[in-house]
Amino acid sequence: MSSQSGQSDELQPLQNESTAKQAASRSGISRRDILKIGLMAGGVAAVAAGGPGRFSGPSTSPDHTHLPAAGEPSFNAHEGHGDFSGMVGDIDLTRFDPGAFLTHFDWGRESVNDSGQTVREWDVVAVEEEVEIAPGIFFPGWTFNGQIPGPTFRCKEGELLRFHFSNGSSHPHTIHFHGIHPPEMDGVDPIVEPGGTFTYEFLARPFGLHLYHCHVMQLKKHIHKGLYGTFIIDPPNGREPAHELVMVMNGFDTNFDNENEVYAVNSVAFHYAKHPIQVKVGELVRIYLTNLTEFDPINSFHLHATMFNLYRTGTRLDVYEFTDTVMMCQGERHILEFRLEYPGRYMFHAHQSEFAELGWMGFFEAVA
Amino acid sequence: MIVEKKAVSSAPRSSGSRLSSWLIGLLPLAALALLLLLFARTNPLALFQADLPPIESLTLERIQVVPEGFIVSLVNGGPEPVTVSQVMVDDAYWQFTIDPRQTIPRLGTASISIPYAWIATEPHVIRVVTTTGTIFEGEVAVATLTPTPGMREFLAYGLLGIYVGVIPVGLGLLWYPTMRRMGRRWLGFLLALTIGLLVFLLIDTFLEALEISAELPGVFQGVPLAIFAAILTWLAIMAVGSRPPRKTQSGVEQPAVPRSRSRSPLYLAVLIAGSIGLHNFGEGLAVGAAFSLGEAALGSFLVIGFILHNITEGIGIAAPLVPTKTSPTAGEVVELPVDDRQAAAEKASPRLLTFVGLALLAGFPAVLGAWIGGFAFSPLLGTIFLGIGIGAIWQVIVEVGALLRRYAERDGTPWISWLNLAGFMLGLGIMYVTAFLVKF
């Protein structure tokens, strides 16, 4: 992150450097052009050398600082920089609270059938919903149950699952689950037209961290609009008790140029920077981390000041790697486990600096 | 119904019928108000606007680079208010404050302050993200402090304008004695050269106007604005230069006749200087803006270029002042009495003060342009002034062309002679080649 301090040191424009450049231009030319001019102008440098710097622009001496007078725009340079968030304001948390989403697991309606098997059932509805993905920026989303990411469905290996899907939106949708199941339950065919319904029924297996998303063409559009979520199948004997968190890495193309303007975990840019995730010193923290970023080939997760155990796809109970950075393609998902030894703030973010500065950055705050 | 009332209004005038004719005049307005009210209430076009996102149009009109960061001036040229939600600098969201408020009304303005550790001489891209996620972009091509209007900067930019405008024109005027000594047949050549350079300036000013008007929010209709300014200027100069209508004995007004055939040479010189001044205003604007935007990291090269480029303008201004040496024939005396008297008066060179005045008229606008361009660059103002320049230059071309034709007629030579054509080509050529020094 570029620091706001030490600004005065960096802010002295290098007049001599620019003097040497001999660049000249009219408005509207790029730096590349300037450099071209610089090369070209080298040939006439001798001519120009007569009066170097005379018209090289405004005074750039240190005392020449612009102090905003009353009524002029002001620079509250240090306001809000403790959280390193580049954003102003906060979202409306009554509509969607990423803090609550982190730890919310939807176990569905539990029952036991005649053969003694645990059955879990969910109602899932696809609806169009405008979501606030950054303070003041609204995205016309397509959602499962009105939220992006969709609910985090959770169950135990071997249970019978039923997802009663109804399409309440104006476009055809499906739910495609990752995992092992019959092809007719795969959410590719049939396509559920607007107003239609379909029940996905299959056994929960294998245990691990999975995901679900709409699988209707145009796939890119249907995914990036927000039709995705996390699907956790616990091992038969469960995992070690921990402070469990769900994180979905995602991005939003707000101006339809097939590039993301906002990156985040759990949709809201810089949310966990403004509202650090509270954990206890020494407690086991487990992150169910899924990448559903569209347009960019990869995303990544980097945790500061500690290392984590990585369980790839969560389908095995033995540690795959001990690291502090993991790179993931879209659809890849891993379980991360770590303990924070010291009290204080631990930053985490995509280790693509660009994503980090476009919203995908946050903090854990370890308290004793 | 309306037809009937019109019939009434054409009846003999009493105070009552005058009142009613007033009311009838207001009728269309009342009907319009009613229609608008109906339209607003019932929204008959609802069919067409099913859930369409609002149209947003923001223009980052000016980005000032200050020690603390950037100050961005925004104009909302769209049909609806726009709310600025976040700001990105170089693909990173950044803290900012906005004044007076986040929501900018239609045709309203706002100023965004972004604390940013900018890097001198590097480009920075500022993107404004609205509530719909729409992005509007502005670029600092080369980051360098934007001048604040202090005394020192004022003088520096003024000097810049003098270098770009006054000095080259003055230098060009110094050729006047030489021009006087040249043979009569060269006079047409000089005028043709003037036309050549003016044609270049016309096209250049037009392109400049197109460029600057492109920076305007669409709602201001930059290109038509420039063209309207040009047409108005052209007509205004025509009106000023026309003889007042003379009443003949019969009392019938004669149409105003442009006096091009009997122009005072000084009038023409002043006209040329004035219109070139408007062009130089545009150049000053461009140079001042370029300096303040940091795009001209060092202007010596640019300034030298402009001196060479604009020196020809002085020749153009002086050309009509060169007296015709031979005395006119008897026939011409009848035809051109006014001109002849002037020709006699011109045998003596115009006073030095005249030349100084002409140099200032043509050159000083560059100083104004440099100041405005440097401290308060406004595409709106730039578009209008350049439009005025287009109109003025066009009219000057017409006038100089008429003069050239008149001299040719008097000498009994074709006005598009090879010599004159060569002058025209030379005028264009000099401007084109010297423009290599100032255009990139």
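Protein chains in written order, with the working numbering: chain A, 78 to 445; chain B, 205 to 644.
Even for Gly, the Cβ is constructed at its ideal location relative to N, Cα and C.
| Asked | Found |
| --- | --- |
| Could you round the C-beta distance between residue 172 of chain A and residue 198 of chain A to whole angstroms and report it? I think they count as a contact, below 8 Å. | Actually they are not in contact, since the Cβ atoms of residue 172 of chain A and residue 198 of chain A sit about 26 Å apart, beyond 8 Å. |
| Does the Cβ-Cβ distance between residue 326 of chain B and residue 296 of chain B come in under 7 Å? | no |
| Any contact of the region 587-595 of chain B with the region 378-396 of chain B, i.e. 3+ C-beta pairs under 8 Å? | no |
| Could you name the residues of the same chain whose beta carbon sits closer than 6 Å to that of residue 412 of chain B, not counting the 5 residues immediately before and after it, in chain order? | 486, 590 |
| In chain A, which residues lie less than 9 Å from residue 333 of chain B when you measure between Cβ atoms? | 211, 213, 214, 331, 332, 338, 339 |
| Using alpha carbons as the reference points, say which of B/360, B/616, B/525 lies closest to residue 474 of chain B. | B/525 |
| In chain B, which residues lie less than 7 Å from residue 163 of chain A when you measure between Cβ atoms? | 296, 297, 298, 299 |
| Pairs of beta-carbons, one from the region 324-340 of chain A and one from the region 259-267 of chain A, closer than 8 Å: are there three or more? | no |
| In terms of residue numbering, what span does the alpha helix (DSSP H) encompassing residue 386 of chain A cover? | Per DSSP, residue 386 of chain A belongs to no alpha helix (DSSP H); it is in the beta strand (DSSP E), 385-389. |
| Is it right to say residue 271 of chain A is buried, meaning 16 or more other beta carbons lie within 10 angstroms of its own, or is it exposed? | exposed |
| What do you reckon, are the CB atoms on residue 311 of chain B and residue 601 of chain B nearer than 7 Å? | no |
| Between which two residues does the beta strand (DSSP E) holding residue 289 of chain B run? | 286-293 |
| Going by DSSP in three states, residue 453 of chain B sits in which element: helix, strand or coil? | The pLDDT assigned to residue 453 of chain B is 49, lower than 50, so where the model puts this residue is not dependable; a value taken from the coordinates is nonetheless given after this. Coil, per DSSP. |
| Is there at least one Cβ from chain B nearer than 7 Å to residue 434 of chain A's Cβ? | yes |
| Name the two residues that bound the continuous alpha helix (DSSP H) containing residue 217 of chain A. | Note, residue 217 of chain A: premise wrong, no alpha helix (DSSP H); beta strand (DSSP E) at 214-221. |
| So, helix, strand or coil for residue 458 of chain B, using DSSP? | Reliability of the predicted coordinates at residue 458 of chain B is poor, the pLDDT of 47 falling under 50, and no value is obtained from them. |
| Assuming residue 268 of chain B contacts residue 442 of chain B (C-beta within less than 8 Å), just tell me the rounded distance between them. | Not confirmed; about 41 Å, so no contact. |
| Can you say whether residue 418 of chain B is buried or exposed, counting buried as having 16 or more other CB atoms within 10 angstroms of its CB? | exposed |
| At a CB distance below 7 Å, what residues from the region 420-431 of chain A approach chain B? Give them in sequence order. | 431 |
| Excluding the five sequence neighbours on either side, which residues of its own chain have a C-beta within less than 6 Å of the C-beta of residue 374 of chain B, listed in chain order? | 563 |
| Using only CA atoms, which one of B/380, B/308, B/357 lies nearest to residue 556 of chain B? | B/380 |
| Based on Cα-Cα distance, which residue from A/412, A/437, A/414, A/413 lies nearest to residue 424 of chain A? | A/437 |
| Can you tell which of A/368, A/304, A/212, A/413 has its C-alpha closest to the C-alpha of residue 399 of chain A? | A/413 |
| What does the alpha-carbon distance come out to for the pair residue 319 of chain A and residue 314 of chain B? | 50 Å |
| Could you tell me which chain A residues have their CB closer than 9 Å to the CB of residue 289 of chain B, listed as they occur along the chain? | 164, 165, 166, 211, 212, 213, 214, 215 |
| Can you tell me whether residue 550 of chain B is helix, strand or coil according to DSSP? | For residue 550 of chain B, the predicted model reports a pLDDT of 49, less than 50, meaning its position is unreliable; a value from the coordinates is still stated below. Looking at residue 550 of chain B - three-state DSSP - the assignment turns out to be helix. |
| Helix, strand or coil for residue 356 of chain B per DSSP? | helix |
| The beta strand (DSSP E) with residue 319 of chain B in it runs from where to where? | 313-319 |
| In chain order, what residues of the region 342-355 of chain A put their CB closer than 9 Å to some CB of chain B? | 346, 347 |
| Considering only residues of the same chain and omitting the five flanking positions on each side of residue 565 of chain B, which have a CB-CB separation below 6 Å? | 477, 478, 481 |
| Does chain A have any CB closer than 7 Å to the CB of residue 339 of chain B? | yes |
| For residue 336 of chain B, does the three-state DSSP call read helix, strand or coil? | coil |
| Would you mind stating whether residue 283 of chain A and residue 392 of chain A have Cβ atoms separated by less than 7 Å? | yes |
| Could you tell me which of A/162, A/228, A/334 sits nearest to residue 287 of chain A, measuring between CA atoms? | A/228 |
| Where does residue 183 of chain A fall in DSSP's three states? | strand |
| Whose CA, out of A/204, A/324, A/187, lies closest to the CA of residue 237 of chain A? | A/187 |
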